[in-house]
Structure formats: structure tokens, C-alpha cells
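Reviewing the structure listed below.
Numbering (the working numbering), first residue to last: 87 to 429.
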């Protein structure tokens, strides 16, 4: 599923206690764009979040109207929605009896406008349908939980970039010691499991799955919160599907943890540590052309395989390791369909 805005609505529930519980549960799930009633100002004290205040048809942020709420119940309501095209940042579309065709019409009409379409979804099935309608889907989903505890049912929608990454086994063609350079360790605010790591690479269309330091060695204790990621020039996959240079990673950033089956979850960076270390170049063969990654030359740095992981000091040509392959390239971290050659 492509990256979507995710809002949570608390305003539709009848009691203050239910609305309060929705805000609390949303914050616990890491969701910070929350729609609240104007009279529920007390909910803003529950934690730091981006409150979207609903007042009648208006959506307000910092007392400024940024959007409108439109209910689609009959064909004439589509004209009401169309009237706000390019006049507000967001249209929150609600309906008592959702029909896909009206939504298709709105997606097509607003596709190249500055107004984002946010569709209200009561179930994960609705959210998935709206996110994929006309292939591109709506710009965002507003979760409308029937009860506070139902927010957890939307975990696939809220767990970060795409939910699962497609990984490919490729053969190592070269392992070459280099000199020294500035390499980055990423320390997260999560305990990474055995088999989990991060997608990192010297070329944005081939990211290697670098294993976390969740395994002990005879020389050093496990550091299950850490990924010894590589030199400062390399790309790393973020939880929103973009990439960053490792040199840009800092405390508070949200990156993507990935396991050898491609399952993903977002993790928050607690610290990025740059140190001068000896380096190692690893080259692999892919269907298009060779790709490389540079890592610290040390036995604790491991690459993921279908069957587990292997230390870079044991890596030999002909061995298989896991990578994520993409077509096109990246521009300011965004995937784009463009001819880009990185060697």
C-alpha cells in the first residue's frame, strides 16, 4: 500500500469518556493526527499530538480552516465536494453507506489538485479498499473506530511503510577490504529481534538487509537496539517509504525495521553514532547490473540470508544474501521512475 495520511476520528463517538479513550489509544499506537470536537479541548492535555478541530463542516488547525467535512449520501453531494477543490487543504469524506463509484469520481477529479481527499473508514477492509481504489487510492484514511479498542484492528494500516517489503536473494560476487572511513551506528528505542535489521545500500535501487546486533559473539555482548549501518554516504529506508542518507539520521527519526521474511515495523532512533572504522566493500550480482554496499570490517556486522544471517568476515563469493531491489531511483528520498545510474 502506498504511503497514506492516517487520521483518527474521536468526534463521532457519543460520550466524552469514549472520545478520551480513542485519543489515548491512538497515541499508544503512535498516531498523532487526531480529529477532536471543539468542546473537547481538555483532550489536548493527554499528550502531544496534531489536533484537527472539527466545528460543524470546518476542520481547523491553530484556529485556521484547513479543510471541510462533506457527507456523501446522494449524487448532489459530489458537487458540494467539487466546489472546495483547490480551496482547502483537506476534504474529509464521510458516508453512511459507502459506494465506491462516488469515491472513484472524487479521486479522479482531485488527483492533480492541491486538496487531499481523506476517506473515513470504519473497518480495515474499508480502509484497504479506499486506499487502492483506482490504483492510486485516496490521499489518506480517517479511522472511525466503532469503539476505542477497535483502533488495534487497523495495525496493518498504521505499521509503517507498505507493511511488507519484497526481498530477493542475490549472489555475492566480490568481498574487498578498503581503508578507513566514517561509519554510522544507529541505536534505536526498540529491542530488535534476531532476524531483524534495516535496509541500507550505496545505490538506492538495491538496499541490503543489514542484521541488527541482536546476536552475541565471543568478543562482545549483544546490542539488540543497534544496527551497525555503514558509511555516511549510504541510504537507509525510513518508515514512510522514503530514504535518508546515514549522515542525516538523528534522534527522533523513524526508520523501518525489516526481518528476513520482509515483515516491517517502524522504530524510533535514539542516537546516531559516527566513528572512524575500517571498511569492507561487498558486491552482488543482480538482473540489471552489479550493486555494492560498504560496511565496517568486523565480525559483529552481519547480513541477512534466507536461513538466518552471516558475518561479513565469513562472506564469500557465491553466497546468497537478501536485498530489496527497485526500479528507477530516488529524488530527495522519494522513489521516482527515472533513469539514474549509481555505481
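Cβ atoms here follow ideal geometry from the backbone N, Cα and C, with glycine treated the same way. Note that the structure is predicted; figures quoted are calculated from it, not measured.
With a threshold of 6 Å on Cβ separation, who are the neighbours of residue i within its own chain once the five nearest residues in sequence on each side are excluded?
i           : result
residue 267 : 317, 365
residue 151 : 144
residue 281 : 345, 346
residue 180 : 157, 206
residue 354 : 275, 340
residue 107 : 234
If you draw a straight line from the C-alpha of residue i to the C-alpha of residue j, how long is it?
i           : j           : result
residue 208 : residue 400 : 51 Å
residue 382 : residue 315 : 8 Å
residue 204 : residue 357 : 34 Å
residue 277 : residue 308 : 11 Å
residue 406 : residue 397 : 13 Å
residue 174 : residue 368 : 50 Å
residue 260 : residue 404 : 9 Å
residue 294 : residue 384 : 17 Å
residue 95  : residue 360 : 41 Å
residue 299 : residue 190 : 46 Å
residue 126 : residue 225 : 27 Å
residue 124 : residue 102 : 12 Å
residue 100 : residue 279 : 41 Å
residue 192 : residue 153 : 15 Å
residue 105 : residue 113 : 13 Å
residue 337 : residue 274 : 9 Å
residue 252 : residue 141 : 43 Å
residue 159 : residue 130 : 32 Å
residue 93  : residue 120 : 6 Å
residue 411 : residue 162 : 46 Å
residue 132 : residue 97  : 16 Å
Could you spell out where the beta strand (DSSP E) holding residue i opens and where it closes?
i           : result
residue 157 : 150 to 157
residue 176 : 176 to 180
residue 391 : 388 to 391
residue 292 : 292 to 297
residue 329 : 329 to 331
residue 312 : 312 to 317
residue 123 : 119 to 123
residue 340 : 340 to 345
residue 137 : 136 to 141
Taking the alpha helix (DSSP H) that residue i belongs to, which residues open and close that run?
i           : result
residue 166 : 161 to 168
residue 109 : 102 to 114
Near residue i, what residues of its chain come up, given a Cβ to Cβ distance below 8 Å and the 5 sequence neighbours on each side ignored?
i           : result
residue 238 : 111, 115
residue 172 : 199, 200, 201
residue 136 : 118, 119, 120, 147
Which residues in the same chain have their Cβ closer than 7 Å to the Cβ of residue i, if we skip the five residues on either side of it in sequence?
i           : result
residue 303 : 385, 386
residue 297 : 283, 388, 389, 390, 395
Checklist entry - Which whole runs of the beta strand (DSSP E) in the segment 353 to 383 are 3 residues long or more, in chain order? => result 377 to 382
Checklist entry - Is it a yes or a no for the segment 338 to 347 touching the segment 256 to 266, going by three-plus beta-carbon pairs under 8 Å? => result no
Item to check | Segments assigned beta strand (DSSP E), at least 3 residues, entirely inside the segment 208 to 286 | outcome: 226 to 229, 254 to 274
Next on the checklist: When you compare the segment 372 to 388 with the segment 281 to 301, are there three or more beta-carbon pairs, one atom per stretch, that lie closer than 8 Å?
Outcome noted: yes
Checklist entry - Pairing CB atoms from the segment 190 to 201 with CB atoms from the segment 168 to 180, are three or more of them under 8 Å? => result yes
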